[in-house]
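Engineer: Here it is, the structure, as structure tokens.
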Amino acid sequence: MNSAASSPGESSLAPSAPRFVHLRLHSEYSITDGIVQLDQAIAVAAADGMPALGMSDLANLFGMVKFYKGARGKGIKPIIGVDAWIQNEAERDKPQRVLLICKSRAGYGQLCELLTRAYLENKHRGRAEMRRAWFEGGAASELLCLSGAMSGDIGAAIAAGNRDLAEQLAADWARLFPGAFYIEVQRAGHPGTEAYIRHAVDIAGRLGLPVVATHPVQFLKREDFRAHEARVCIAQGYVLADKRRPRDFTEEQYLKSQAEMCELFADLPEALENAVEIARRCSLTVQLGKNFLPLFPTPEGMTLDDFLVHEAKAGLERRLAQLYPHPEEREKQRPRYEERLKFETDTIIQMGFPGYFLIVDDFINWAKSNGCPVGPGRGCGARCGG
């Protein structure tokens, strides 16, 4: 198998060479099918000497900050990804999945944009689905893509006996993610696994693509399987005793040790090596504790500070006209209000909050114009009339 080479600037792992890195983990933030508590998963990984750990919740990044902080705090490199729904253009009710992993800060931004677009533009039966066309034109240039194993379109084509289609799909994904697409193999106790692996490895060899071993972690320990099944039943509207309920998971989907994974894929050492290689290729650094606000649009030639003061003064004029209808009394009272307004706007500017106040002003005005109730505010920052 081919092993993707590291490019300059890509992060290395600990000197003691790891044997395997978990890239798939559905945490408690995978609302419908995950029960792994992030702090516990990080502790288990640290105890096993894992230098890195991946989190890949289903169609969301809700737990990213908690995972990032927790992993870094234990000396573990956090690998951030998403188990993404991909729209099935032929059968909309049978979506496929791929694993998208951030190589860098830019990749994290791309992943956020793709997820946002899926939630805003392409939800189906509660699933936020991405479309292949969205990955064109460099929109995912800082992401790695794993094929989804038997849950991906390549796996579905193999299961259907359509080997030619599977190879065509693999080639298309490789085109969308040049040098960043991996054929994914898993051994988690699902029927048809070995037949899938045999065909997938052969396709990878024919196309010159790397194969990577992953494990779809849904719970922490083997004995957690029944609790996980209960969680899934709640999401699906079944009870555990119902013999007709779907059984999509196995008791093998716990957080296996490096030794267990090495034993599981002893016949495919390259696939284990590529899991480690992917971890090396990823170097996501996130600055926490600082607000990053959207850049609020202002009239040409005006800064955020200028526009905030302009809007606040306009608001003050409206309020003074209501409070003091008589011009003489209004002018008499004006100095103390203007002094207070200057103090408040100066405070907001010094705190770096002009953009925040303009954004809040924008959606509050929209709410009032569209009949939505608006509260009085809660005093989280200096407040002035708008």
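Numbering (this note's numbering), first residue to last: 985 to 1370. We put the CB at the ideal spot given by N, CA and C, even for glycine.
Between which two residues does the beta strand (DSSP E) holding K1061 run?
Structural biologist: Its beta strand (DSSP E) spans residues 1061 to 1070.
Engineer: Count the other CB atoms within 10 Å of the CB of W1157; is the residue buried (16 or more) or exposed (fewer)?
Structural biologist: The residue in question, W1157, is buried, as its Cβ has 16 or more Cβ neighbours within 10 Å.
Engineer: Below 8 Å, can you find three or more Cβ-Cβ pairs linking the stretch 1025 to 1035 to the stretch 1220 to 1232?
Structural biologist: Judged by Cβ distances under 8 Å, the stretch 1025 to 1035 makes no contact with the stretch 1220 to 1232, as fewer than three pairs qualify.
Engineer: Would you say A1202 and F1233 are within 8 Å of each other, going by their C-beta atoms?
Structural biologist: Contrary to the premise, residue 1202 reads as Gln rather than Ala in this sequence. Closer than 8 Å, so yes.
Engineer: With distances taken Cα to Cα, identify the nearest neighbour of A1211 among F1004, V1005, V1020.
Structural biologist: Closest by alpha carbon: V1020.
Engineer: Select from E1313, Y1092, K1297 the residue whose C-alpha is nearest the C-alpha of T1330.
Structural biologist: One detail in the question is off: residue 1330 reads as Asp in this sequence, not Thr. Of E1313, Y1092, K1297, the residue nearest in Cα terms is K1297.
Engineer: Taking only the alpha-carbon atoms, compute the straight-line gap between T1287 and L1300 and give it to the nearest angstrom.
Structural biologist: Using only the alpha carbons, I get a separation of about 20 Å.
Engineer: Per DSSP, Y1222 forms a beta bridge with which residues?
Structural biologist: Answer is none; Y1222 lacks a bridge partner.
Engineer: Work out the CA separation of P1194 and A1117 for me, nearest whole Å.
Structural biologist: Those two C-alpha atoms are separated by around 23 Å.
Engineer: Just to confirm, are E1168 and T1198 a CB contact at a threshold of 8 Å?
Structural biologist: Cβ distance < 8 Å, so E1168 and T1198 count as in contact.
Engineer: Below 8 Å on the Cβ atoms is my contact criterion, and I expect G1173 with E1261 to pass it. Report the Cβ-Cβ distance as a whole number of Å.
Structural biologist: Not confirmed; about 26 Å, so no contact.
Engineer: Please identify the residue among A1001, I1015, L1022 whose C-alpha is closest to the C-alpha of L1239.
Structural biologist: The residue with the shortest Cα to Cα distance from L1239 is L1022.
Engineer: By how many angstroms is the C-alpha of Q1080 removed from the C-alpha of N1072?
Structural biologist: Going by the C-alpha atoms only, they are around 6 Å apart.
Engineer: Touch check for the stretch 1056 to 1066 and the stretch 1254 to 1273: three-plus C-beta pairs under 8 Å?
Structural biologist: In short, these stretches touch, since the Cβ pair count reaches three.
Engineer: On a Cα-Cα basis, can you pick out the residue from L1160, N1044, M1134 that is closest to G1110?
Structural biologist: Considering only alpha carbons, the answer is N1044.
Engineer: What's the gap between the Cα of D1289 and the Cα of I1333?
Structural biologist: Rounded to whole angstroms, D1289 to I1333 spans 6 Å at the Cα level.
Engineer: Which of the three DSSP states is assigned to R1081 in this structure?
Structural biologist: R1081 falls in the strand class under three-state DSSP.
Engineer: Whose C-beta lies closer than 7 Å to the C-beta of G1132 among residues of the same chain, with five residues either side of it excluded?
Structural biologist: Here the set comprises Q1080, R1081, V1082, L1083, G1139, E1168.
Engineer: Suppose contacts are defined by Cβ-Cβ distances below 8 Å. Is A1102 in contact with L1127 by that definition?
Structural biologist: Going by C-beta atoms, A1102 is not nearer than 8 Å to L1127.
Engineer: Roughly how many angstroms lie between the CA atoms of K1107 and F1347, to the nearest whole one?
Structural biologist: One C-alpha to the other measures close to 24 Å.
Engineer: Please list, in chain order, all residues of the same chain as A1155 whose beta carbon is under 8 Å from its beta carbon, the five residues on each side excluded.
Structural biologist: These residues qualify, in order along the chain: L1191.
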